[in-house]
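One structure below.
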């Protein structure tokens, strides 16, 4: 036992000696106090205390560093035709035709997220809509012209592409696993000042009825989002993309802590559809609906304010052929409960045309199950 004790004491003595030597030579390695350094050279050098580099607790620099190279600035320009009195003069138009003074150009800015090394970039539709020229500026300073691959106005998403390869794509995360209270970073180009990172949390999930887009399922965050952030990235603490920043609620035009991002699950589905078909094809059954208010729930004798009341049915549409009629209350689609009109729209839109879906409706205090063959949603359709 005495031998083991002496061996232990020697090991401790050697370890302490190494620690003191290390502290004197490289205090930054040992986490020691500030060390003496000199500013300047020669006789005019001034001694100062230099703090050792220490790890920053609670820092999200790693997440920012992983995501920032894949977030781009987008600059767009479009011509605005001048409303000059001579434009309506037949004699003037005889000589100039449509070659009229329309040199006035409107410029705007936004952000985008590189989602493929092959040059595909996700952004908001309102950032690039009707643009004549689109210029993308990468985080490393490179610039490239971009073209629109496809757009989906109903979710306010668009896919553009640049002729560059080997780009630093952002890793797609899983927005389905996001929880209220999770820390997130918003990355974009607010007010054109340059790439900026802001910090916040997820304030709410599944926000809809905001009348921003036709199809809404927003992530709400208090990370600062301002003009120019549209189309930028909302990332988790690992630097994975969980949303595309899209809109803010503000009475001043600046951030007041209520921002909205499109979940990456929605963005990924739109991206895949546009790359494959050039557009997004959604399901449709041909109904008009309204939410159940407390007053309607009382008049129908409903125990809960859930479901969507069918207010109108398109004649010979999918719902009509399946037997759905005005006054029915749609409760579930393929076993998934319908909370309201917006949720009903989203669930139907996610179904592929041609699929037979089971829909549960409440009719005169009795539940009925109907099979509906999903149709193709018309472009910019407002009817469900």
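Residue numbers (my numbering): 1477 to 1860.
We treat Cβ as the ideally placed atom computed from N, Cα and C, and that holds for glycine.
The segment 1635 to 1654 and the segment 1590 to 1600 touch, with no fewer than 3 CB-CB distances between them shorter than 8 Å.
Residue 1611 and residue 1549 have their C-alpha atoms spaced approximately 8 Å apart. Boundaries for residue 1817: no beta strand (DSSP E) harbours it, while the alpha helix (DSSP H) harbouring it runs 1817 to 1825, taken from the DSSP string. Using a Cβ-Cβ distance cut-off of 8 Å, the segment 1839 to 1854 and the segment 1750 to 1766 are in contact, since at least three pairs of beta carbons, one from each stretch, lie closer than that value. For the pair residue 1799 and residue 1812, the Cα-to-Cα distance works out to about 20 Å. Look at residue 1796 here: in three-state DSSP terms it is helix.
The alpha-carbon of residue 1700 is positioned some 24 Å away from that of residue 1629. Per DSSP, residue 1599 is one residue of the beta strand (DSSP E) stretching across 1596 to 1600. Counting only runs of 3 or more residues that sit fully inside the segment 1605 to 1671, the beta strand (DSSP E) segments are 1609 to 1613, 1619 to 1628, 1633 to 1638, 1659 to 1664, in chain order.
Taking C-alpha positions only, residue 1690 is separated from residue 1673 by approximately 29 Å. The C-beta separation of residue 1722 from residue 1703 comes to about 13 Å, leaving the pair out of contact by the 8 Å criterion. In terms of Cβ geometry, residue 1664 and residue 1733 do not form a close pair [threshold 8 Å]. Taking the C-beta atoms as reference points, residue 1588 is found no nearer than 8 Å to residue 1624.
Nearest Cα to residue 1670 within the set 1784, 1711, 1615, 1715: 1615. DSSP places residue 1715 in the coil class of the three-state scheme, outside both helix and strand. Within 10 angstroms of the beta-carbon of residue 1523 lie fewer than 16 other beta-carbons, which makes it exposed. Taken through DSSP and simplified to helix, strand or coil, residue 1727 comes out as coil. In this structure, residue 1848 and residue 1802 do not form a Cβ contact; the two beta carbons are roughly 15 Å apart against a cut-off of 8 Å. Distance check between residue 1678 and each of 1706, 1822, 1718, 1686 places 1718 closest, using alpha-carbon atoms only. Excluding the 5 residues flanking it on each side, residue 1720 has same chain C-beta neighbours closer than 8 Å at 1589, 1598, 1599, 1600, 1633, 1707, 1708, 1709, 1710, 1737, 1738, 1740, 1743, in chain order. Between residue 1814 and residue 1823, the gap from beta carbon to beta carbon is short of 8 Å.
For residue 1762, the closest of 1790, 1783, 1748 by C-alpha to C-alpha distance is 1790.
In the three-state reduction of the DSSP assignment, residue 1548 falls in the strand class.
Per the C-alpha coordinates, the member of 1804, 1841, 1818, 1829 positioned closest to residue 1835 is 1804.
Apart from sequence neighbours up to five positions away, the residues of its chain that approach residue 1773 with a beta-carbon distance below 6 Å are 1781, ordered along the chain. In the DSSP assignment, residue 1806 is bridged to 1784, 1837. Between residue 1767 and residue 1784, the CB-CB gap stays under 8 Å.
Around residue 1491, the same chain offers no residue with a beta carbon nearer than 6 Å, after the five sequence neighbours per side are excluded. Assignment of residue 1769 by DSSP, reduced to helix, strand and coil, places it in the coil class. Looking from the CA of residue 1603, the closest CA among 1586, 1666, 1617, 1753 belongs to 1586.
Residue environment analysis places residue 1547 among the buried positions, since at least 16 neighbouring C-beta atoms fall within 10 angstroms of its C-beta. According to the DSSP assignment, residue 1847 belongs to the beta strand (DSSP E) that extends over 1842 to 1849. Between the C-alpha atoms of residue 1715 and residue 1662 there is a straight-line separation of about 10 Å. Taking a 10 Å sphere around the C-beta of residue 1535, we find fewer than 16 other C-beta atoms and assign the residue as exposed.
Using a 10 angstroms sphere on the CB of residue 1692, the tally of other CB atoms reaches 16 or more, which defines it as buried. The Cβ atoms of residue 1712 and residue 1660 sit closer than 8 Å to each other.
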